[in-house]
Amino acid sequence: MATSEGTSNIGGQEMIDISIASSPCDIGAVPSLLDDISALGKNLSGDDRDSRLALLEKARSLVRALETPRETMLKHCGAQTASFFCLALGNDVGLFKQMATGGGSPHQVESLAKALGFEVDLLRRILRHLAAMGYICQTGPDEYKPTNFTKAMAIPIVADGYPLYAYAKIEPMAYFHKWLKMNGYRSPKDLSNNPQTFGHRTEMPFFDWLQANPPYATQFNNHMGGYRLGRPSWMDPEVYPVQDNLISDFDHEGDNGKPVMLVDIGGSYGHDLAEFRRKYPNAPGRLILQDLPRVLDKITNLEEDIERMPYDFLTPQPVKGARAYYTHQILHDYPDDKCVEIVKQVKEAMIPGYSKFLLNEHVIPAVGANWEATYLDLYMMVMFSARERTEDDWRELLEKRCGLKICKFWDPGHGVEAIIECELA
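The sequence shown begins at 1 in full-length UniProt numbering and counts up one residue at a time.
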């Protein structure tokens, strides 16, 4: 029996009217969205990140409002999936590096196929779909040129995310639903039993699996560089007041006359400390980079005055009484129990009333979460049995379980990681 809302009721179960699938999702919102886009567009500045992101979100909302559920379904299940694997393949074979030659001028399919060792018709079909999706431009029959996006795909920190996700992360995500069903739809808590270990048929945690399966570890590190590219930095004055909170009352006499300003724990290749030295060249104190030997051994370009110290953050912290201990997206890789162990090592090295623990992590708001944080939350669950955390989650972990005092959440918004400033309670 039909209802006034266009649904039907069969056997006590309400059925959705199928016409909803071929109608725009929210046609009534289109006029106001167009007004918003027009107003935001008038004030758009290329170097104003906030205005650009506000306009971009309205444009995305307009697309969602105009699309029918059928179109969205086909985009998700077909078009975007095909695009992703075409982009991963293109990266594998050097397609985008080849297209970037000649100053971005058009290329014939036949000449590209010859340069890459491809069957012409195979490459034609791949390029045709990438053009249909707007990733490249078709300039004539069997002729294409790159967009700025595909030019950027010639850069490893942009390109390497595609093979990483296509070949190293696709199996865990593909088995996500099956693992959840087998485990009663409960979040994974164990590093050795989660969708990643199930999908890869291994007992190795994800980082160990990456190291055992080259070139994924290198691709992962490159991808992290791309992830951070162009984002506001935690040490920018508009995010965290480094001068007032770290430098102004620095103890110049600490640690036997060799006081430490900043210890970057698990700091990989030292990008954050190198940036700190560039932005605060006159800051006093030592800068110490800590990571596993296999990571430090790969560093090829780092300022000599940044000290390198082999260290496992699950062991006692050897640097005592630093002005600040810093971690960049470390705790989001671990479940709470393991995080307590990591924080314990830092806590025991801190000086009351002086040392700070700065955690550069996502803080997901209760309303209006950004997609850059929510997708990571799901990947952390699948790959690490971990999570991105809300403010309440962080208070539960850092204050109640670890015994620290959270001084303030310094949150720049727009899905960028916040600084969680902590002291000893």
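All C-beta atoms, glycine included, are put in the ideal place defined by N, C-alpha and C.
Quick caveat, the model's predicted, so the values are computed rather than measured.
With a 10 Å radius around its C-beta and 16 neighbouring C-beta atoms as the bar for buried, classify residue 270 as buried or exposed. Counting from 1 along the sequence shown, the entry for residue 270 is found at position 270. Residue burial annotation: residue 270 is buried, with at least 16 other C-beta atoms found within 10 angstroms of its C-beta.
If you follow the alpha helix (DSSP H) that residue 49 is in, where does it begin and where does it stop? Looking up residue 49 in the sequence shown gives position 49. If you look at residue 49, you'll find it in the alpha helix (DSSP H) that goes 49 to 66.
Buried versus exposed, by CB contacts within 10 Å (16 or more), residue 113: Counted from its first residue, the sequence shown places residue 113 at position 113. Residue 113 is buried by the Cβ-count criterion.
Within 8 Å, strictly: CB atoms of residue 173 and residue 91: For the purposes of this step, residue 173 is taken as residue 173 along the sequence shown, with counting starting at 1. For the purposes of this step, residue 91 is taken as residue 91 along the sequence shown, with counting starting at 1. No; because the gap between Cβ atoms is not below 8 Å, this pair is not in contact.
Return the first residue and the last residue of the alpha helix (DSSP H) that residue 148 is part of. Counting from 1 along the sequence shown, the entry for residue 148 is found at position 148. From DSSP, the alpha helix (DSSP H) with residue 148 extends over 148 to 152.
Quick one: grab the DSSP three-state call for residue 265. Walking along the sequence shown from the start, residue 265 turns up at place 265. The answer is strand: DSSP assigns residue 265 an E or B state.
Alpha carbon to alpha carbon, how far is residue 117 from residue 89? Give it in angstroms, no decimals. For this step, residue 89 is matched to residue 89 along the sequence shown. For this step, residue 117 is matched to residue 117 along the sequence shown. When the Cα atoms are used, residue 89 and residue 117 turn out to be separated by approximately 13 Å.
Three or more C-beta pairs closer than 8 Å, one from the segment 247 to 257 and one from the segment 339 to 348: is that the case here? They do not touch, by the three-pair rule.
Measure the CB-CB distance between residue 432 and residue 273 and report whether it falls below 8 Å. Because the chain in this structure spans residues 1 to 425, residue 432 falls outside the shown range and cannot be described.
Would residue 146 be called buried (16 or more neighbouring beta carbons within 10 Å of its own) or exposed? Stepping through the sequence shown from its first residue, residue 146 is reached at position 146. When all chains shown are included, residue 146 counts as buried.
If we count the other Cβ atoms within 10 Å of its Cβ and call it buried at 16 or more, is residue 417 buried or exposed? If you number the sequence shown from 1, residue 417 lands on position 417. Residue 417 comes out buried.
Rounded to whole angstroms, how far is the Cβ of residue 171 from the Cβ of residue 200, which I believe are closer than 8 Å? Along the sequence shown, read from residue 1 onward, the residue named residue 171 stands at position 171. Along the sequence shown, read from residue 1 onward, the residue named residue 200 stands at position 200. Yes, residue 171 and residue 200 are in contact; Cβ-Cβ is about 6 Å, under 8 Å.
Could you say which of 17, 388 and 183 lies nearest to residue 339 if we only look at CA atoms? Looking up residue 339 in the sequence shown gives position 339. Comparing alpha-carbon positions, the option among 17, 388 and 183 lying closest to residue 339 turns out to be 388.
Just to check my reading of the structure: residue 258 and residue 286 have Cβ atoms closer than 8 Å, yes? What is that Cβ distance to the nearest angstrom? By one-based count along the sequence shown, residue 258 stands at place 258. By one-based count along the sequence shown, residue 286 stands at place 286. Between residue 258 and residue 286 the beta-carbon gap is near 6 Å, inside 8 Å, which marks them as a contact.
Does the structure place the segment 282 to 298 close enough to the segment 387 to 406 that three or more beta carbon pairs sit under 8 Å? Counting Cβ pairs under 8 Å, fewer than three are found: no touch.
Less than 8 Å between the beta carbons of residue 98 and residue 143, yes or no? Sequence index remark: in the sequence shown, residue 98 carries index 98 (1-based). Sequence index remark: in the sequence shown, residue 143 carries index 143 (1-based). In this structure, residue 143 does not lie closer than 8 Å to residue 98 by Cβ.
Enumerate in chain order the residues of its own chain whose CB-to-CB distance from residue 45 is below 7 Å, with the five nearest sequence positions on each side excluded. Indexing the sequence shown from 1 puts residue 45 at position 45. Counting only residues of its own chain and dropping the five nearest sequence neighbours on each side, residue 45 has a CB closer than 7 Å to the CB of 51.
Compute the beta-carbon to beta-carbon distance between residue 265 and residue 327, rounded to the nearest angstrom, for a pair I have assumed lies under 8 Å. Locating residue 265 in the sequence shown gives position 265, where the first residue counts as 1. Locating residue 327 in the sequence shown gives position 327, where the first residue counts as 1. Contact between residue 265 and residue 327 is confirmed by a C-beta separation of about 5 Å, below the 8 Å threshold.
Take the Cβ of residue 310 as the centre, count every other Cβ of all protein chains shown within 10 Å, and call the residue buried at 16 or more, exposed below. Within the sequence shown, numbered from 1, the residue matching residue 310 stands at position 310. Exposed is the call here.
Output the distance between the C-alpha atoms of residue 419 and residue 121, rounded to the nearest integer angstrom. Numbered from its first residue, the sequence shown carries residue 419 at position 419. Numbered from its first residue, the sequence shown carries residue 121 at position 121. So the alpha carbons of these two residues sit roughly 51 Å apart.
Residues near residue 135 in its chain [Cβ-Cβ closer than 8 Å; skip 5 each side]: Numbered from its first residue, the sequence shown carries residue 135 at position 135. Cβ contact annotation for residue 135 (same chain, cutoff 8 Å, sequence separation greater than five): 83, 87, 147, 149 and 150, in chain order.
Residue 69 and residue 27 - do their beta-carbons sit closer together than 8 Å? Along the sequence shown, read from residue 1 onward, the residue named residue 27 stands at position 27. Along the sequence shown, read from residue 1 onward, the residue named residue 69 stands at position 69. It is not a contact, given that the beta carbons lie outside the stated cut-off.
Do residue 423 and residue 356 come within 8 Å of each other at the CB atom, strictly closer than that value? Here the question's residue 356 lines up with position 356 in the sequence shown. Here the question's residue 423 lines up with position 423 in the sequence shown. For the pair residue 356 and residue 423, the CB atoms are nearer than the 8 Å cut-off.
Which runs of the alpha helix (DSSP H) spanning at least 4 residues fall entirely within the segment 72 to 153, listed in chain order? If we require 4 residues or more, the alpha helix (DSSP H) runs fully inside the segment 72 to 153 come out as 80 to 93, 95 to 99, 109 to 116, 120 to 132 and 148 to 152.
Reduced DSSP category for residue 5 - H, G, I as helix; E, B as strand; rest coil: Within the sequence shown, residue 5 is the residue found at index 5, counting from 1. With a pLDDT of 48 at residue 5, under the threshold of 50, the predicted position of this residue should be treated as unreliable, though the coordinate-derived value follows. In the displayed model, residue 5 falls within coil according to three-state DSSP, outside both helix and strand.
With three or more C-beta pairs closer than 8 Å as the rule, is the segment 372 to 391 touching the segment 187 to 199? Yes, the segment 187 to 199 is in contact with the segment 372 to 391.
Could you name the residues that DSSP lists as bridge partners for residue 324? Numbered from 1 along the sequence shown, position 324 holds the residue referred to as residue 324. The secondary-structure analysis by DSSP pairs residue 324 across a beta bridge with 262 and 356.
Between the beta-carbon of residue 222 and the beta-carbon of residue 156, is there less than 8 Å? Translated into positions along the sequence shown, residue 222 becomes position 222. Translated into positions along the sequence shown, residue 156 becomes position 156. Yes, these two residues count as a Cβ contact at 8 Å.
Leaving out the 5 sequence neighbours to the left and right, which residues in its chain are closer than 6 Å to residue 179 when beta-carbon positions are compared? As a working mapping, residue 179 is identified with position 179 in the sequence shown. Excluding residues within five positions, the ones whose Cβ falls inside 6 Å are 195 and 198.
Quick check: residue 342 and residue 334, are their CB atoms within less than 8 Å of each other? Sequence index remark: in the sequence shown, residue 342 carries index 342 (1-based). Sequence index remark: in the sequence shown, residue 334 carries index 334 (1-based). Inclusion of residue 342 and residue 334 in the CB contact set at 8 Å is warranted, their separation being smaller than that value.
Within 10 angstroms of the Cβ of residue 426, are there 16 or more other Cβ atoms? Answer buried if so, exposed if not. Absent from the model: residue 426. The displayed extent of the chain is 1 to 425, so no value can be given.
Name the two residues that bound the continuous alpha helix (DSSP H) containing residue 208. Working through the sequence shown from its first residue, we reach residue 208 at position 208. Per DSSP, residue 208 is one residue of the alpha helix (DSSP H) stretching across 206 to 212.
Nearest by alpha-carbon distance to residue 300: which of 330, 268 and 65 is it? As a first step, residue 300 must be located in the sequence shown, where it is residue number 300. The residue from 330, 268 and 65 with its alpha-carbon nearest to that of residue 300 is 268.
Quick test of your reading: residue 234 and residue 360, contact by CB under 8 Å. State the CB separation rounded to the nearest angstrom. Here residue 234 refers to the residue found at position 234 when the sequence shown is read from its first residue. Here residue 360 refers to the residue found at position 360 when the sequence shown is read from its first residue. About 5 Å; that satisfies the 8 Å criterion.
Determine, using beta carbons only, whether residue 54 and residue 34 come nearer to each other than 8 Å. Here residue 54 refers to the residue found at position 54 of the sequence shown. Here residue 34 refers to the residue found at position 34 of the sequence shown. In this structure, residue 34 does not lie closer than 8 Å to residue 54 by Cβ.
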